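Residue numbers (our numbering), protein chains in the order written: chain Z, 1 to 132; chain F, 1 to 132. The C-beta atom is built at its ideal place from N, Cα and C for all residues, glycine as well. Since we're looking at a predicted model, the values are computed, not measured.
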């Protein structure tokens with residue numbers, strides 16, 4: 001029995017075999033992103049200590065930072081009351097968002113408008129090639 | 001055109017007409033819960049400043065705190081890069097979780113075990129009647 005099996009037992013996956021995972025910066029507590037995990041990528045995350053998601057758009061395993069270098073090292077793992085949402089605190093290298101921001105939630109509602117009120121931490125053109 | 005329409009235009013709802021909404025405590029930045037909104041309950045949330053979700057289990061509009069009194073007043077609204085996840089900072093009355101904890105994420109993975117490492121802020125038996 002691997003070390004993560006009791007955690008896995010507490011998690012409920014949806015009809016597509018996915019569970020949403022919220023990622024929070026361990027230093028600032030800012031919410032960085034939300035993505036999805038399969039049972040396999042959750043197990044891999046728990047075993048390796050590096051965030052591994054499931055890309056719904058590409059329908060493939062998604063090791064965060066594999067292309068960009070902007071990996072997420074797991075600092076803390078939490079499971080919600082009914083086991084259908086996960087919360088990870090991570091040490092984020094670079095930025096979590098493909099747009100160059102630290103967090104995907106860089107836009108704040110200001111009355112009826114959305115305003116980008118954060119600074120970019122990297123240049124996406126320098127990180128991702130044309131094919132991405 | 002209502003004040004929230006440009007925010008609503010930026011949001012993508014899934015095949016069930018839902019968008020996940022992460023709720024974070026505005027004072028402590030702790031993640032309190034994640035639940036889902038329809039376009040209607042998102043509009044109602046933006047218009048009233050009180051969190052209104054869609055209960056997937058009951059398939060009905062869910063005004064947070066209607067039964068428990070543990071309402072969530074909206075302090076800040078954020079939309080992620082691709083518009084398919086929302087982040088709300090709220091002023092939480094009482095606790096967000098029906099189990100009596102402030103946050104639904106009261107269990108932390110400690111090696112292979114899940115440990116409840118938070119204190120309850122209310123007694124659920126005193127808040128919810130037998131029918132809930």
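Looking at residue i and the ligand GTP, is the gap between the Cβ and the nearest heavy atom below 8 Å?
{"i": "residue 35 of chain Z", "result": "Because no ligand of any kind appears in the structure shown, any question about the ligand GTP cannot be addressed here."}
Over the uninterrupted alpha helix (DSSP H) stretch that includes residue i, give me the two end residues.
{"i": "residue 25 of chain F", "result": "It is not in any alpha helix (DSSP H) - residue 25 of chain F instead sits in the beta strand (DSSP E) that spans 19 to 25."}
{"i": "residue 43 of chain Z", "result": "39 to 48"}
{"i": "residue 59 of chain Z", "result": "Where residue 59 of chain Z is concerned, there is no enclosing alpha helix (DSSP H), given that its DSSP letter is neither H nor E."}
{"i": "residue 9 of chain F", "result": "5 to 9"}
Quick check on residue i: does DSSP put it in helix, strand or coil?
{"i": "residue 126 of chain Z", "result": "helix"}
{"i": "residue 73 of chain F", "result": "strand"}
{"i": "residue 51 of chain Z", "result": "coil"}
{"i": "residue 36 of chain F", "result": "strand"}
{"i": "residue 161 of chain F", "result": "As displayed, chain F neither begins before 1 nor continues past 132, which places residue 161 of chain F out of reach and without an answer."}
Out of the options, which one is the CA nearest neighbour of residue i?
{"i": "residue 95 of chain F", "options": "F:80, F:88, F:69", "result": "F:69"}
{"i": "residue 89 of chain Z", "options": "Z:103, Z:25, Z:6", "result": "Z:25"}
{"i": "residue 33 of chain F", "options": "F:123, F:15, F:9, F:107", "result": "F:107"}
{"i": "residue 91 of chain F", "options": "F:111, F:120, F:74", "result": "F:74"}
{"i": "residue 9 of chain Z", "options": "F:117, F:112, F:127", "result": "F:112"}
{"i": "residue 39 of chain F", "options": "F:58, F:67, F:76, F:54", "result": "F:54"}
{"i": "residue 127 of chain Z", "options": "Z:45, Z:101, Z:114", "result": "Z:101"}
From what residue to what residue does the beta strand (DSSP E) around residue i run?
{"i": "residue 89 of chain Z", "result": "86 to 92"}
{"i": "residue 113 of chain Z", "result": "113 to 116"}
{"i": "residue 96 of chain Z", "result": "That residue, residue 96 of chain Z, is in no beta strand (DSSP E); it is neither H nor E in DSSP."}
{"i": "residue 14 of chain Z", "result": "Taken as a continuous stretch (DSSP letters only), residue 14 of chain Z belongs to no beta strand (DSSP E), as it is neither H nor E."}
{"i": "residue 109 of chain Z", "result": "107 to 110"}
Would you tell me roughly how many angstroms separate the C-alpha atoms of residue i and residue j, rounded to the nearest one?
{"i": "residue 51 of chain Z", "j": "residue 43 of chain F", "result": "33 Å"}
{"i": "residue 28 of chain Z", "j": "residue 120 of chain F", "result": "24 Å"}
{"i": "residue 22 of chain F", "j": "residue 35 of chain F", "result": "7 Å"}
{"i": "residue 7 of chain F", "j": "residue 19 of chain F", "result": "13 Å"}
{"i": "residue 16 of chain Z", "j": "residue 124 of chain Z", "result": "31 Å"}
{"i": "residue 64 of chain Z", "j": "residue 122 of chain Z", "result": "16 Å"}
{"i": "residue 118 of chain Z", "j": "residue 109 of chain F", "result": "31 Å"}
{"i": "residue 82 of chain F", "j": "residue 57 of chain Z", "result": "12 Å"}
Check your understanding: Taking any Cβ of chain A, which residues in the segment 6 to 29 of chain Z have a Cβ under 7 Å from it, in chain order?
Key -> No chain A is present in this structure, whose protein chains are Z and F.
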